[in-house]
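As structure tokens, the structure follows; a few thoughts come after it.
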Ligand SMILES: [Zn+2]
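Numbering (this note's numbering), first residue to last: 344 to 818.
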């Protein structure tokens, strides 16, 4: 079974926090300049803030600077240079750099790829990484991320970034949420507090967080859902897309709502966003729509066409896959939408990250992937190899001096052997979890690098057929 979009950890972890964590949402936004206790001439460094309800972030447009000259469209582009059937070699340009496609995007659900530093992810060849708006909204809070300079500054990842809306996480809280046309009311998995997600609030959250690419709120259902339920969710996702786009455009035009102000502890450097006027300007972002429709081809086509009728997009995602449907159904869905999605936009297949699924999907025209599988499985002792998955705890590796994967460039494979990796896991040493996570992430990135090289030299069809045959050869 392929992986899904669920977070790496739906459990609360022991994230250290200071003021503003787990905001109560009980009062309106309050901005208090505590200039009396400030030594600085302007008093700007001393600020207090009480978090308010999400909807209070909406500020009347007349109160904000007009920003109609700004357009996100010119900040994003996609060019392809080599094709092989539906597969293509491409370059996706974002405000924070270029992503060579096809590419795997490591997932940092909470603003970090679990167990790995941004330096390690970059050294592994990571080009673009993901975070999750649901988790960052709950902790430390989207406004807190914004006050700390936005997601790039906060995480120290200076390259392209994407946030998923968190819709998947919300819909995963099956006993803790109610869905209506307005949106989703849910209980936080951290402290049980009640929250509402609407298409508009999700846009405000993602624009506060500040990733380059942000995703619409969509309604997710089980992979094998019947036609009527799939159609209802697909139609609703289109209506929510309309609302997302209106709010996205409003923020682009009018600016963001006023930011909260936090008291900076004595001696600490000031917040990154001390210039209020600059802070109101939204980051250059692109909104990606998501094709839904379950395993029903006509619904997938209708969803894709509905999205295209609504305008021009910098990229289009294919969602609702790897949520319980069969692999043949997953691949068939890609084949159904392949001729419908214009080839001039990158296609992002959400939440799919097993090696064979990546290669199969690239053959069917997909350019971007993300999944928590490589790090989650790495922590569980499972490693990707060209010959299928390997469980490193097995006793057969006790004296195995070979590297995990011969041609993998990661430190786990170039420096250590299987016997040592097995020892780390058997001894429950945290280095083992880190090394295997790093290997699995590197493996998928390297696999896509190899796919790009094969596309470039015209050998992709042969390479991908041979690679899949080897991957599935082991019983
Ligand atoms: Zn490796």
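Note that beta-carbon positions come from the ideal geometry of N, C-alpha and C, so glycine has one too.
Compute every distance between the C-beta of residue i and the non-hydrogen atoms of ligand 1, then say whether any falls below 6 Å.
{"i": "residue 785", "result": "yes"}
{"i": "residue 309", "result": "Within the shown structure, residues of the chain are numbered from 344 to 818, placing residue 309 beyond reach of any answer."}
{"i": "residue 748", "result": "yes"}
{"i": "residue 753", "result": "yes"}
{"i": "residue 756", "result": "yes"}
Just the C-alpha distance for residue i and residue j, rounded to the nearest angstrom, thanks.
{"i": "residue 382", "j": "residue 498", "result": "Any answer about residue 382 is weak, because its pLDDT of 33 lies below 50 and its placement is not dependable; what the coordinates show is given next. Cα to Cα, residue 382 sits roughly 29 Å from residue 498."}
{"i": "residue 600", "j": "residue 623", "result": "7 Å"}
{"i": "residue 540", "j": "residue 552", "result": "15 Å"}
{"i": "residue 482", "j": "residue 556", "result": "20 Å"}
{"i": "residue 465", "j": "residue 676", "result": "32 Å"}
{"i": "residue 817", "j": "residue 805", "result": "20 Å"}
{"i": "residue 603", "j": "residue 792", "result": "42 Å"}
{"i": "residue 596", "j": "residue 620", "result": "14 Å"}
{"i": "residue 477", "j": "residue 533", "result": "12 Å"}
{"i": "residue 694", "j": "residue 608", "result": "39 Å"}
{"i": "residue 809", "j": "residue 504", "result": "32 Å"}
{"i": "residue 756", "j": "residue 493", "result": "35 Å"}
{"i": "residue 734", "j": "residue 724", "result": "6 Å"}
{"i": "residue 442", "j": "residue 653", "result": "26 Å"}
{"i": "residue 455", "j": "residue 550", "result": "19 Å"}
{"i": "residue 523", "j": "residue 647", "result": "23 Å"}
{"i": "residue 745", "j": "residue 500", "result": "33 Å"}
{"i": "residue 531", "j": "residue 560", "result": "17 Å"}
{"i": "residue 752", "j": "residue 765", "result": "19 Å"}
{"i": "residue 728", "j": "residue 668", "result": "24 Å"}
{"i": "residue 777", "j": "residue 770", "result": "14 Å"}
{"i": "residue 569", "j": "residue 637", "result": "8 Å"}
{"i": "residue 801", "j": "residue 632", "result": "31 Å"}
{"i": "residue 814", "j": "residue 427", "result": "21 Å"}
{"i": "residue 788", "j": "residue 796", "result": "12 Å"}
{"i": "residue 649", "j": "residue 598", "result": "28 Å"}
{"i": "residue 660", "j": "residue 610", "result": "45 Å"}
{"i": "residue 686", "j": "residue 644", "result": "15 Å"}
{"i": "residue 554", "j": "residue 475", "result": "10 Å"}
{"i": "residue 807", "j": "residue 702", "result": "7 Å"}
Do residue i and residue j have their C-beta atoms closer together than 7 Å?
{"i": "residue 473", "j": "residue 488", "result": "no"}
{"i": "residue 696", "j": "residue 716", "result": "yes"}
{"i": "residue 743", "j": "residue 762", "result": "yes"}
{"i": "residue 447", "j": "residue 712", "result": "yes"}
{"i": "residue 580", "j": "residue 635", "result": "yes"}
{"i": "residue 627", "j": "residue 438", "result": "yes"}
{"i": "residue 826", "j": "residue 496", "result": "The shown model of the chain, from 344 to 818, leaves out residue 826, and the question about it has no answer."}
{"i": "residue 689", "j": "residue 421", "result": "yes"}
{"i": "residue 707", "j": "residue 678", "result": "yes"}
{"i": "residue 718", "j": "residue 780", "result": "yes"}
{"i": "residue 440", "j": "residue 710", "result": "no"}
{"i": "residue 594", "j": "residue 625", "result": "yes"}
{"i": "residue 768", "j": "residue 736", "result": "yes"}
{"i": "residue 642", "j": "residue 574", "result": "yes"}
{"i": "residue 430", "j": "residue 705", "result": "yes"}
{"i": "residue 545", "j": "residue 508", "result": "yes"}
{"i": "residue 485", "j": "residue 548", "result": "yes"}
{"i": "residue 790", "j": "residue 425", "result": "no"}
{"i": "residue 542", "j": "residue 586", "result": "yes"}
{"i": "residue 592", "j": "residue 629", "result": "no"}
{"i": "residue 445", "j": "residue 794", "result": "yes"}
{"i": "residue 590", "j": "residue 576", "result": "no"}
Taking 7 Å as the CB-CB cut-off, is residue i touching chain B?
{"i": "residue 586", "result": "The structure shown has no chain B; it contains just one protein chain."}
At 3 residues or longer, what runs of the beta strand (DSSP E) sit wholly inside the region 687–712? 690–692
At what residue ranges does the region 531–604 contain a whole run of the beta strand (DSSP E), taking only runs of 3 or more? 537–540 and 556–558
Runs of 4 residues minimum, wholly inside the region 759–807: which ones carry the alpha helix (DSSP H) assignment? 761–769 and 773–800
Mind listing, in chain order, the continuous beta strand (DSSP E) runs of no fewer than 3 residues lying wholly within the region 434–518? 440–444, 446–449, 472–475 and 504–507
Just list the beta strand (DSSP E) runs in the region 629–677, keeping only unbroken ones of 3 residues or longer that don't cross its boundaries, in chain order. 629–631 and 659–661
Going along the chain, which unbroken runs of the beta strand (DSSP E) with 3 or more residues stay wholly within the region 715–739? 725–728 and 731–734
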